[in-house]
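Q:
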Amino acid sequence: KAGVTQTPRYLIKTRGQQVTLSCSPISGHRSVSWYQQTPGQGLQFLFEYFSETQRNKGNFPGRFSGRQFSNSRSEMNVSTLELGDSALYLCASSGGTGAEAFFGQGTRLTVV
Amino acid sequence: QKEVEQNSGPLSVPEGAIASLNCTYSDRVSQSFFWYRQYSGKSPELIMSIYSNGDKEDGRFTAQLNKASQYVSLLIRDSQPSDSATYLCAVNLPSGTYKYIFGTGTRLKVLA
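Going line by line, the protein sequences match chains A and B. The letter at position 29 of the first sequence is residue 33 when you use the working numbering, and the numbering goes up by one with no holes. The letter at position 23 of the second sequence is residue 98 when you use the working numbering, and the numbering goes up by one with no holes.
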């Protein structure tokens, strides 16, 4: 059974640019949630999608957005990048028999 | 007050000893509790989930939940150097969604 796949693994962007990250959940899972992890703040919840609907949103500015497709794959977009957006972005897949979340390998974003 | 609190450590234990990791949470209605292990530069890996009061054992790992006192703990028996990692505690509220609140993690060092 394939795990959670995130692409790309690494990104380097310039301030002011935008970026799109992708996540394919475990087959059969309908929920995808996104987290930002930085050394100072730990894992911070961005948003959760379930069956193409955003059900929860964390306390992040509107520059952070996402969407989910009918095949449960999800994308996250960050516009007008700032240096502080440099982080590990993690996608979690849920919706199996329990309430567990399973993480992808993450996308390491560096903004210069 | 943070929603999920963990001692940042590092917690140092000798090889073969029991490592005890603790986590407290603020929201009394929290229903699902999880422990993740995260190696440096890697994504979090689910170790244990626990949903009801008491102990849950899986190999060398035992999760303990006390909802009245709002704490959850993880015991690692016969600790190995390969257990050296950051351990994240996560809580899921009973909102019917997959939104998880994470502690900032406890760094464990197992000394050979």
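Think of the CB as a built atom: it goes at the ideal place given N, C-alpha and C, for glycine as much as any other residue.
Distance cutoff 8 Å, beta carbons only. Does F109/B sit that close to anything in chain A?
A: Position 34 of the second sequence holds residue 109/B. It does; some Cβ of chain A falls within 8 Å.
Q: From F73/A to F54/A, what distance separates their C-alpha atoms?
A: Here the question's residue 73/A lines up with position 69 in the first sequence. Here the question's residue 54/A lines up with position 50 in the first sequence. Their backbone Cα atoms lie some 10 Å apart in a straight line.
Q: Who does N81/A pair with in a DSSP beta bridge?
A: Residue 81/A sits at position 77 when you count from the first residue of the first sequence. According to DSSP, N81/A bridges with T24/A and S69/A.
Q: So, using beta-carbon positions, are L121/B and Y114/B closer together than 8 Å?
A: As a working mapping, residue 121/B is identified with position 46 in the second sequence. As a working mapping, residue 114/B is identified with position 39 in the second sequence. No, the pair does not count as a contact, with Cβ atoms beyond the cut-off.
Q: Quick one: grab the DSSP three-state call for D133/B.
A: In the second sequence, the residue the question calls residue 133/B occupies position 58. Three-state DSSP puts D133/B in a strand.
Q: Is the Cβ-Cβ distance between L85/A and R13/A less than 8 Å?
A: Locating residue 85/A in the first sequence gives position 81, where the first residue counts as 1. Locating residue 13/A in the first sequence gives position 9, where the first residue counts as 1. Cβ atoms of L85/A and R13/A: not closer than 8 Å.
Q: Comparing C-alpha positions only, which one of T172/B, L150/B, G171/B and A187/B sits nearest to N97/B?
A: Here the question's residue 97/B lines up with position 22 in the second sequence. Per the Cα distances, L150/B.
Q: Leaving out five residues before and five after E78/B in sequence, what residues of the same chain have Cβ atoms less than 6 Å from its Cβ?
A: Counting from 1 along the second sequence, the entry for residue 78/B is found at position 3. Excluding positions up to five away in sequence, the list reads S101 and I176.
Q: Can you list, in chain order, the residues of its chain whose CB lies under 8 Å from that of K17/A, leaving out five sequence neighbours each side?
A: Looking up residue 17/A in the first sequence gives position 13. Cβ neighbours of K17/A beyond the five flanking positions: V23, L85, L113, T114, V115 and V116.
Q: A94/B to Y126/B, Cα distance in whole Å?
A: Here residue 94/B corresponds to residue number 19 of the second sequence, with the count starting at 1. Here residue 126/B corresponds to residue number 51 of the second sequence, with the count starting at 1. Rounded to whole angstroms, the separation of the alpha carbons of Y126/B and A94/B is 22 Å.
Q: Closest by CA to L50/A, which one among S76/A, G7/A, L15/A and D89/A?
A: Counting from one through the first sequence, the residue named residue 50/A turns up at place 46. That would be D89/A, whose Cα lies nearest to the Cα of L50/A.
Q: Quick check on this structure: which residue in G102/A, Q45/A and E52/A has the alpha carbon closest to the alpha carbon of N60/A?
A: Residue numbering aside, residue 60/A sits at position 56 when the first sequence is read from its first letter. Among G102/A, Q45/A and E52/A, the Cα nearest to that of N60/A is on E52/A.
Q: Determine the chain A residues that contact T179/B at a beta-carbon separation under 7 Å, and present them in chain order.
A: Start at 1 with the first residue of the second sequence, and residue 179/B comes out as number 104. At a C-beta separation below 7 Å, T179/B has these neighbours in chain A: G46.
Q: Could you say if the region 97-112 of chain A and the region 79-94 of chain B meet the contact criterion of at least three C-beta pairs nearer than 8 Å?
A: no
Q: Please state whether the Cβ-Cβ distance between Y162/B and A105/A is less than 8 Å.
A: In the second sequence, the residue the question calls residue 162/B occupies position 87. In the first sequence, the residue the question calls residue 105/A occupies position 101. No.
Q: Looking at the strands, I want to know which residues DSSP matches up with A138/B.
A: Against the second sequence, residue 138/B aligns to sequence position 63. In the DSSP output, where bridge partners are listed per residue, A138/B has K131/B and L149/B.
Q: Please say whether L15/A and E79/A have beta carbons closer to each other than 8 Å?
A: By one-based count along the first sequence, residue 79/A stands at place 75. By one-based count along the first sequence, residue 15/A stands at place 11. Note that the C-beta distance between E79/A and L15/A is not below 8 Å.
Q: Determine the closest residue to S159/B out of A138/B, V166/B, A187/B and S148/B, with distance taken between C-alpha atoms.
A: Locating residue 159/B in the second sequence gives position 84, where the first residue counts as 1. When each option's Cα is compared against that of S159/B, the closest is A187/B.
Q: From C164/B, F136/B, S144/B and K184/B, pick the residue whose C-alpha is nearest to that of R152/B; which is it?
A: What you label residue 152/B is simply residue 77 of the second sequence in a count that begins at 1. The residue with the shortest Cα to Cα distance from R152/B is F136/B.
Q: Please state whether DSSP places P89/B in a helix, a strand or coil.
A: Taking the first residue of the second sequence as 1, we reach residue 89/B at position 14. Strand at P89/B.
Q: Out of N82/B, V104/B, G116/B and G178/B, which one is the CA nearest neighbour of S144/B?
A: Position 69 of the second sequence holds residue 144/B. Among N82/B, V104/B, G116/B and G178/B, the Cα nearest to that of S144/B is on V104/B.
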